[in-house]
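Engineer:
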Amino acid sequence: MSKKIGDVILDLQNISLRFGGVKALTDISFNVKEHEIRAIIGPNGAGKSSMLNVINGVYHPQEGKIFWHGKERKKMEPHMASRQNIARTFQNIALFKGMTVLDNIMTGRITKMKSNFIEHALWFGRARNEELEHRKKVEEVIDFLEIQHIRKTPVGRLPYGLQKRVELARALAAEPSMLLLDEPMAGMNVEEKQDMCRFILDVNDQYGTTIVLIEHDMGVVMDISDRVVVLDYGKKIGDGVPDEVKNNEDVIKAYLGAGH
Amino acid sequence: MLYREAGQFKTNYAADQQVFPIRQDRIGIIVLLAVAFLGVPMFASAYWFSAILIPFLIFALAALGLNILTGYAGQLSLGSAAFMAVGAYAAYNFQLRIEGIPIIVSFICGGLTAAGVGILFGLPSLRIKGFYLAVATLAAQFFIVWCLTKFPWLSNNSSSGVISTQQLIIFGHELTTPVEKYLLVLSIVVVMAMAAKNLVRSSTGRAWMAVRDMDVAASVIGIKLMPTKLLAFAISSFYCGVAGALYAFCYLGSVEPDGFSLDMSFRILFMIIIGGVGSIMGSFLGAAFILLLPIFLDVALPFFAELFGLPFSSATVSHIQILVFGALIMFFLIVEPHGLARLWQIAKEKLRLWPFPH
Ligand SMILES: Nc1ncnc2c1ncn2[C@@H]1O[C@H](COP(=O)(O)OP(=O)(O)OP(=O)(O)O)[C@@H](O)[C@H]1O
Ligand SMILES: [Mg+2]
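Chains as they are written, first to last, in the working numbering: chain A, 317 to 576; chain B, 61 to 418.
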């Protein structure tokens with residue numbers, strides 16, 4: 317690996333999360349280092365999505381500690397995640413269906429806008445300038461992900477693969493330092509998957525964005541990630557570089573058991 | 061080549077972000093405004109002003125208010141008429157109790173009072189959604205009307221809460237004729253419609269739509285749900301409040317609490333359903349449609365009845381009106397949820413391709 321991986325920026329210690337009687341996560345510890353691509357894998361229902369939701373404050377674990385840049389993080393509301401420069405995409409595309417691609421991506425920059433609603437209503441000074449300045453940034457992302465042609469299309473009309481790409485664009489528009497991707501390639505064909513892989517690698521490479529990625533396609537995971545953590549029934553059963561994980565007995569068992 | 065954006069290339073983002081990026085639309089809106097401000101006053105009769113144009117503009121403003129809340133922010137409300145009542149009574153009281161306050165300031169204060177009340181009744185939206193929220197706003201509808209009848213102070217101790225509005229004096233000049241009132245209402249509505257258009261194309265509007273479409277994703281992006289929803293309630297109620305003040309001062313001249321009934325709230329809701337949920341223009345189209353349809357049927361039905369020699373009473377006419385309304389609302393809910401505004405857009409898209417079908 318030619319790129320430089322930095323220090324630990326996110327450290328999760330002994331995280332347990334329950335929904336009533338269901339143990340979604342049990343005593344899980346792992347960390348994420350700056351600039352790396354960190355994959356989370358595991359069979360269905362293993363608790364991968366729950367893990368991402370813990371990271372950005374949608375779920376609050378009953379036990380465990382989270383350290384963000386070395387400081388222990390208090391219980392956090394979801395909207396705080398974006399202020400800490402954490403952006404994400406969802407397993408079941410969570411775009412704003414009634415809005416155009418451009419507007420969807422513009423919402424990614426909403427926390428960076430300072431003008432208030434009165435300025436918006438009058439559309440002068442700061443409101444207008446901000447709109448232009450952020451539009452420029454958004455156009456950069458649009459160019460980067462090669463979606464210029466669908467800028468003004470309502471997202472509801474787009475095919476699945478493109479919607480996934482727009483969702484990535486919206487997350488990138490926030491210029492996050494950490495990007496959480498929940499199965500960004502699920503349901504895509506080979507070509508679309510290749511494009512998506514390229515985008516993920518480019519983001520990581522060009523902007524140094526740290527990426528936490530959930531993915532089922534083993535080939536992809538082993539190819540692009542720096543380190544992999546494996547979950548099964550809410551427990552961690554493996555953690556390390558791809559080769560290590562590939563040869564881990566428990567991991568092989570879990571995957572064979574789950575019929576993969 | 062009548063309606064085409066071809067050849068109108070945008071070379072910078074500012075041009076692309078104009079309110080009406082297509083030249084024909086810009087010309088259209090200017091013509092429309094010129095007709096409304098200059099043409100109409102020259103030709104329309106007093107009946108047209110007081111019975112059709114003024115109520116149309118006022119209801120369009122109320123529908124616009126509801127559309128901000130329901131169409132853009134996704135919060136269903138059945139209390140629009142009650143917020144209009146708050147605006148009307150508050151404006152009346154500001155005129156009554158503050159010496160020398162300009163009428164426009166009273167209208168604005170009426171709107172602000174309605175905004176405050178709107179925030180109060182918007183609080184349940186932080187916990188409940190959709191149908192349940194509609195029921196909560198229904199409570200606002202009944203509670204507010206009840207308050208206005210119950211507390212005589214609000215109507216300056218008049219019997220059964222009827223208020224007769226004060227004179228409309230602007231810059232020392234009293235507006236008495238229908239055309240003057242029309243111009244006042246028109247100016248206010250145009251300014252507020254422009255402001256609404258600006259709001260919905262800015263990050264305020266995007267935050268509303270984000271919350272409407274997918275609230276979890278919205279909050280992960282950093283949108284705070286509570287202030288976003290409450291702002292929608294406040295601004296929506298402000299619009300309804302100003303509409304209510306205009307309704308009292310420029311349209312009827314004297315109103316009672318029961319005039320702002322649930323029936324009226326529903327009419328405003330139907331306006332946005334038929335006109336287009338989540339469309340500024342739809343609010344106007346819907347208001348025009350709902351106000352004009354009964355007038356049209358009043359004239360057309362007896363005419364056809366006579367033509368075919370059928371016996372026709374006025375009761376039948378009003379029954380048919382209700383039937384037609386019901387059918388139209390079902391049609392729009394099922395077939396075209398985005399209403400007349402969407403039909404208009406489809407027509408424009410067709411026109412853009414005309415005369416070539418592809
Ligand atoms: N909001 C919730 N309420 C109740 N149970 C939940 C909730 N979210 C997740 N769970 C449960 O937690 C467990 C882990 O779910 P999670 O979605 O994290 O799995 P996953 O690894 O992402 O699976 P998949 O590969 O299917 O996406 C499951 O048993 C699920 O039913
Ligand atoms: Mg999942």
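The C-beta atom is built at its ideal place from N, Cα and C for all residues, glycine as well. Predicted model, so just to flag it, every value in this text is computed and none were measured.
Determine which residues of the segment 375-398 of chain A have a Cβ less than 7 Å from any Cβ of chain B, and write them out in chain order.
Structural biologist: P394, H395, A397, S398
Engineer: Can T424 (chain B) and G147 (chain B) be called in contact, C-beta distance under 8 Å?
Structural biologist: Because chain B spans 61 through 418 in this model, residue 424 (chain B) falls outside it and cannot be assessed.
Engineer: For Q227 (chain B) and F433 (chain A), I'd like the C-alpha separation in whole angstroms.
Structural biologist: 33 Å
Engineer: If we define contact as Cβ-Cβ less than 8 Å, is D419 (chain A) a contact residue for chain B?
Structural biologist: Yes, because at least one Cβ of chain B sits closer than 8 Å to the Cβ of D419 (chain A).
Engineer: Which residues of the segment 376-395 of chain B have a Cβ closer than 9 Å to any Cβ of chain A? Give them in chain order.
Structural biologist: none
Engineer: Hey, does G575 (chain A) have any beta-carbon neighbour from chain B nearer than 8 Å?
Structural biologist: Because G575 (chain A) sits at a pLDDT of 48, beneath the cut-off of 50, its placement in the model cannot be relied upon, and the following sentence gives the value as read from the coordinates. Chain B, which has no Cβ nearer than 8 Å to the Cβ of G575 (chain A), makes this no.
Engineer: Considering only heavy atoms of ligand 1, list every residue whose Cβ is less than 6 Å from one of them, following chain order.
Structural biologist: After applying the 6 Å Cβ criterion, the set is A:F335, A:V338, A:A340, A:G358, A:N360, A:G361, A:A362, A:G363, A:K364, A:S365, A:S366, A:Q407.
Engineer: Identify the contact partners of K413 (chain A) in chain B, using a Cβ-Cβ distance below 8 Å as the criterion.
Structural biologist: D273, M274
Engineer: Cα-Cα, which of B:L186, B:F392, B:F231 is closest to R8 (chain B)?
Structural biologist: Residue 8 (chain B) falls outside the range modelled here, since chain B spans only 61 to 418, and no answer is possible.
Engineer: My assumption, with CB atoms under 8 Å, is that G554 (chain A) sits in contact with D566 (chain A). Please give the rounded CB distance.
Structural biologist: 6 Å
Engineer: Identify every residue that forms a DSSP beta bridge with L306 (chain B).
Structural biologist: Answer is none; L306 (chain B) lacks a bridge partner.
Engineer: Determine the closest residue to A490 (chain A) out of A:I402, A:R442, A:A570, with distance taken between C-alpha atoms.
Structural biologist: A:I402
Engineer: Using a Cβ-Cβ distance under 8 Å, would Q77 (chain B) count as near chain A?
Structural biologist: yes
Engineer: Based on Cα-Cα distance, which residue from A:G535, A:K552, A:G550, A:Y549 lies nearest to D559 (chain A)?
Structural biologist: Comparing Cα-Cα distances from D559 (chain A) to each of A:G535, A:K552, A:G550, A:Y549, the minimum goes to A:G535.
Engineer: Between A348 (chain B) and A401 (chain B), what straight-line distance do the alpha-carbon atoms span, to the nearest angstrom?
Structural biologist: 12 Å
Engineer: Does R467 (chain A) come out as helix, strand or coil in the three-state DSSP assignment?
Structural biologist: coil
Engineer: Opposite M494 (chain A) in the DSSP bridges: which residues?
Structural biologist: BP columns for M494 (chain A) point to A:I402, A:T526.
Engineer: By the three-class DSSP mapping on this structure, what secondary structure does F335 (chain A) have?
Structural biologist: strand
Engineer: Starting from the Cα of F291 (chain B), find the closest Cα among B:P238, B:L180, B:M102 and give me that residue.
Structural biologist: In the sequence under discussion, the amino acid at residue 291 (chain B) is Leu, which differs from the Phe named in the question. Nearest C-alpha to L291 (chain B): B:L180.
Engineer: Does any C-beta atom of chain B lie closer than 8 Å to the C-beta of M317 (chain A)?
Structural biologist: With a pLDDT of 47 at M317 (chain A), under the threshold of 50, the modelled position of this residue cannot be trusted, and the question is left open.
Engineer: Is the beta carbon of I530 (chain A) within less than 7 Å of some heavy atom of ligand 2?
Structural biologist: yes
Engineer: Could you check whether S332 (chain A) and L341 (chain A) sit closer than 8 Å to each other, using their CB atoms as the reference points?
Structural biologist: yes
Engineer: Might you give, ordered along the chain, the residues of its own chain that have their beta carbon closer than 8 Å to the beta carbon of K468 (chain A), omitting 5 neighbours on each side?
Structural biologist: T416, V417, L418
Engineer: Any residues in the segment 253-271 of chain B with a beta carbon nearer than 7 Å to a beta carbon of chain A? Which ones, in chain order?
Structural biologist: A255, N258, L259, S262, S263, T264, R266, A267, M269, A270
Engineer: If the cut is a Cβ gap below 8 Å, which residues of chain A does K284 (chain B) touch?
Structural biologist: H395
Engineer: Give the interface partners of I426 (chain A) over in chain B, defined as CB-CB distance under 7 Å, in chain order.
Structural biologist: S263, R266, A267, I281, G282, I283
Engineer: Answer yes or no: the CB of Q498 (chain A) versus the heavy atoms of ligand 2, is any distance below 7 Å?
Structural biologist: Reading off the sequence, residue 498 (chain A) comes out as Asp, not Gln. Answer for D498 (chain A): yes, Cβ within range of ligand 2.
Engineer: If we ignore side chains and look at the alpha-carbon of each, how far apart do L345 (chain B) and L383 (chain B) end up?
Structural biologist: Taking the straight line joining both Cα atoms gives about 20 Å.
Engineer: Between I248 (chain B) and P212 (chain B), what straight-line distance do the alpha-carbon atoms span, to the nearest angstrom?
Structural biologist: 30 Å
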